[in-house]
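As structure tokens, the structure follows; a few thoughts come after it.
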Amino acid sequence: MSAVQDDIVVIRDLSFGFGKRVIFDRCNFAFKRGKVTAIMGPSGTGKTTLLRLIGRQVAPRAGSVVVDGEDVTRLPRAELYELRKRLGMLFQNGALFTGLSVFDNVAFPLREHTRLPEAMIRDLVLLKLQAVGLRGARDMMPAQLSGGMARRVALARAIALDPMIVMYDEPFAGLDPITMGVIMKLIRMFNDSLGLTSIIVSHDVQEVSAISDYVYLISGGKVIGEGTPAELEISKSPWVRQFLHAEPDGPVAFHYPAPTLADDLLQDAT
Amino acid sequence: MIGLLQNIGRSSIGFLERTGRATLFFLRVLAGVPALMLQFRLVLAQLYSVGVLSVLVIVVSGLTVGMVLGLQMYNTLAKFGAASSLGPVIALALVRELGPVVAALLFAGRAGSALTAEIGLMKATEQLSGMEMMAVDPVRRIVAPRLVAGILSMPLLAAMFSAVGVLGGYLVGVGMLGVDAGAYWAQMQAAVDWRGDVINGIIKSVFFGMIVTWIAVFEGYDAVPTTEGVSRATTRTVVYASLAVLLFDFMLTALMFGDTLI
Amino acid sequence: MMGTRTIEIMVGVFVAAGIAALFVLALKVSNFGQTSVRGGYQLTAKFENIGGLRAQSPVSAAGVRVGQVTSIVYDQKDYEALVTMTIAPNFNRFPSDTSASIYTSGLLGEQYIGLEPGGAEDFLKNGDYIQLTQSALVIEQLIGKFLVSMSEGKDAQR
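Right, dumping it as structure tokens:
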């Protein structure tokens, strides 16, 4: 397998939008098996939507989304659900079931999709919780967890069924530096030790650059840059430079489109 | 004028569209019901939060309504020297109308709003989405058990309401106002027909349970996934469910008692 | 989150209470307990006017409930109402010349059939026909009679 760097997710000519708002305009992505690939871009550019498109929670207007050889846009419902069992997703706020304890949250996919005896489920859940360092918190309720802990529990739940792909929606948003470090370590560790493919959606440049193998930059419905973090760092594109170096003005204007200030003020006076 | 017509047109189209979506959603939920027979513990948990948690408000309201009926009806009946008819009047009012309807209105306020808020918040916090990504259909896993629990709970709650209400009427009529206890029960038994009155009341409450829970789960599932969206959906549930109960009550009453109401 | 056990117990109590309420409605509030007088025997009687009598109206003797009306049909030959009633099997000692009348319980109460035993030696049995009947009092007729007699009285005075 090491010789064949095949693509586990291939997205071709993808177009998508809400009403008149265009989110993606004929975009192409390819995610390599066994690698950590990141999608970066400003807020509101549809990064999360891309993950939903891969999981076929929303349907694209045009284009194909091929996951492990199957085009999810044409997949019948039953097969889609089979495919989803092999996808793990970490939502931004964890999306833990508030009515279930930490243990039951992690056990949920196992209980739903396997016929394992309860004793074995217990062992598996404890192992997953051990991996994220929260075996001791198994009896807590989601409301009692801090944001970072909730995300770790959600991560344990996402890998409960040993998926082939794990998708991370803004895994670093709103975390303190220590927790951020923990999550980074976990993502890299799971990717390498469990042999899965990771897709990260984020706008945290530093963290993403540190752990990804490949990065896509999207803005305004287009892919405006791609490459390894090192390649992007030396990119000539003004847009890529603005984003990666957090410059306040550039191709993405500081001002929301408006008539000139002078016109606006004068108009107000009349 | 044109603007007014346009508004009417727009809201009618909006209403039809919503009703259509709610109907499709209802069918989707129904499709998930047979599978629940194998996982009845899901329904059990919902029977608790939908049914058991509504008992207190139902019982207290039933008792109060029965007592008020006792007081009010006694005054009117006593004017005609027919105070001994207190039992039948209270029982018929409760069993035919007040039991199913008031219990359903309370149910909409207590359980319906809670269902909408719960499902809406699950949507807002991406729990539904997460469940879908875990290859578990939230309509089957979350919504269907709630609908079944609502349909099962409502007739039981309405029966409790009526039974407690009759007792409340007894407390006031016999205990305070001196109506003869024997007359209270005997006249009641003679006037209330098991099949015509009690069973029809129960059928009504099954319908109401279905309508209220349906509106509640649909509003929750369809809510705009924000805090504001969920709170609006909760309000809508209570308003729409209450209106629907009253409207359906009229239609069901006309169907059931239309030719026997004397 | 409560334990599964607690929830199961509470739901059990809830369902039991709901069913108990239904039983109250059935046995205490409605006529369910009395709808079928099982194993009783049938009697028929004809009335000129039954007023507000219905199927399932009670049949009583000396104020004690002994049975109920099972059916009411209109007899086209005699232009009278043919009422069938079922009497509980333990009340089997009504003399054959028992009479049946339709009464109203209270001024506005519902109507019922009252049986008054006669003095005959033999008893009514299944399928027998009660000869002596007295129809319901219809208030409009009463008022009508009253008005007529009033005016007649006035005429006589003149």
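Residue numbers (my numbering), protein chains in the order written: chain A, 38 to 307; chain B, 7 to 268; chain C, 3 to 160. In this text, a Cβ means the ideal position worked out from N, Cα and C, and glycines have one as well. Please read these numbers as outputs of a predicted model, since none were measured by experiment.
Original post:
Given that THR131/B touches chain A, what residues does it touch there, using C-beta distances under 9 Å?
Top reply: PHE128, ASN130, GLY131, ALA132, LEU133 and THR135
Original post:
From LEU53/B to ARG7/C, what does the alpha carbon distance come to, in whole angstroms?
Top reply: 14 Å
Subject >> Cross-strand partners of PRO60/C (DSSP beta bridge) >> reply: GLN70/C
Subject >> ARG98/A - DSSP class collapsed to helix/strand/coil >> reply: coil
**OP:** With distances taken Cα to Cα, identify the nearest neighbour of ASP309/A among VAL169/A, GLY170/A and ALA144/A.
**Re:** For chain A, the structure presents residues 38 to 307; residue 309/A sits outside this window and is missing.
Subject >> Interface residues of chain C facing LEU48/B [CB-CB closer than 9 Å] >> reply: By Cβ distance, chain C contributes nothing, its closest Cβ being about 12 Å from LEU48/B, past 9 Å.
Original post:
What does MET12/C touch in chain B if you count any residue whose Cβ is under 8 Å from its own?
Top reply: TYR54 and VAL58
Original post:
Any idea which residues DSSP pairs TYR205/A with across the strands?
Top reply: LEU127/A and ILE237/A
Original post:
Going along chain A, which residues have a C-beta under 7 Å from VAL142/B?
Top reply: GLU149
Original post:
Alpha carbon to alpha carbon, what distance is there between GLY226/B and MET128/B?
Top reply: 9 Å
**OP:** Using alpha carbons as the reference points, say which of GLN195/B, ILE209/B, LEU252/B and THR259/B lies closest to ALA97/B.
**Re:** GLN195/B
Original post:
Over what stretch of residues does the alpha helix (DSSP H) that includes LEU69/B continue unbroken?
Top reply: 59-85
Subject >> Residue environment, ALA187/B, which counts as buried when at least 16 other CB atoms sit within 10 Å >> reply: exposed
Original post:
From the beta carbon of GLY20/B, is the nearest beta carbon of chain A less than 8 Å away?
Top reply: no
Subject >> Endpoints, alpha helix (DSSP H) assigned at LEU153/B >> reply: 150-176
Original post:
Thinking just about the alpha-carbon of each residue, which of ILE196/A, ARG189/A, PRO200/A and SER230/A is nearest to the one in ILE220/A?
Top reply: ARG189/A
**OP:** Specify, as a first and last residue, the run of the beta strand (DSSP E) that GLN113/C falls within.
**Re:** 113-118
Original post:
When the Cα atoms are used, what is the spatial distance from ILE76/A to VAL203/A?
Top reply: 14 Å
Original post:
Are the Cβ atoms of GLY126/B and ALA132/A separated by less than 8 Å?
Top reply: no
Original post:
Would a check of beta-carbon distances place TRP200/B closer than 8 Å to chain C?
Top reply: yes
**OP:** Tell me where the alpha helix (DSSP H) around TYR227/B begins and ends.
**Re:** 206-228
Original post:
Name the chain C residues that come within less than 8 Å of MET166/B, Cβ to Cβ?
Top reply: ALA19, GLY20 and ALA23
Subject >> Neighbourhood of ARG238/B by C-beta, 8 Å cutoff - its chain only, sequence neighbours within 5 removed >> reply: ALA229 and VAL230
Original post:
How should ILE145/C be labelled, buried or exposed, when 16 other C-beta atoms within 10 angstroms of its C-beta is the threshold for buried?
Top reply: exposed
Original post:
Are there 16 or more other CB atoms within 10 angstroms of the CB of VAL107/B, so buried, or fewer, so exposed?
Top reply: buried
Subject >> According to DSSP, residues forming a beta bridge with ARG27/B >> reply: In the DSSP output, where bridge partners are listed per residue, ARG27/B has none listed.
Subject >> Residues in the stretch 109-130 of chain B having any Cβ partner in chain A nearer than 9 Å >> reply: GLU124, LEU127 and MET128
Subject >> For ASN65/A, the three-state DSSP class (helix, strand or coil) >> reply: strand
Original post:
Should LEU253/B go down as buried or exposed, given a rule of 16 or more other Cβ atoms within 10 Å for buried?
Top reply: exposed
Original post:
Are any of the Cβ atoms in chain C nearer than 8 Å to that of LEU267/B?
Top reply: With a pLDDT of only 46 at LEU267/B, under the threshold of 50, the placement of this residue in the model should not be trusted, and no figure is reported.
Original post:
Tell me, which residues are paired with LEU261/B by DSSP?
Top reply: Paired residues: none, contrary to the question.
Original post:
Should PRO64/B and LEU104/B be called a contact, given that it needs their Cβ atoms to be closer than 8 Å?
Top reply: Residue 64/B is actually Ile in this sequence, not Pro. No, they are not a contact pair.
**OP:** Give the straight-line distance between the Cα atoms of GLY115/B and LEU10/B, rounded to the nearest whole angstrom.
**Re:** 33 Å
Original post:
Is it true that the CB of SER101/C sits closer than 8 Å to the CB of GLU123/C?
Top reply: no
Subject >> Cα-Cα separation between SER249/A and PRO266/A, rounded to whole angstroms >> reply: 7 Å
Original post:
Where DSSP assigns a beta bridge to GLU263/A, which residues make up the other side?
Top reply: TYR253/A
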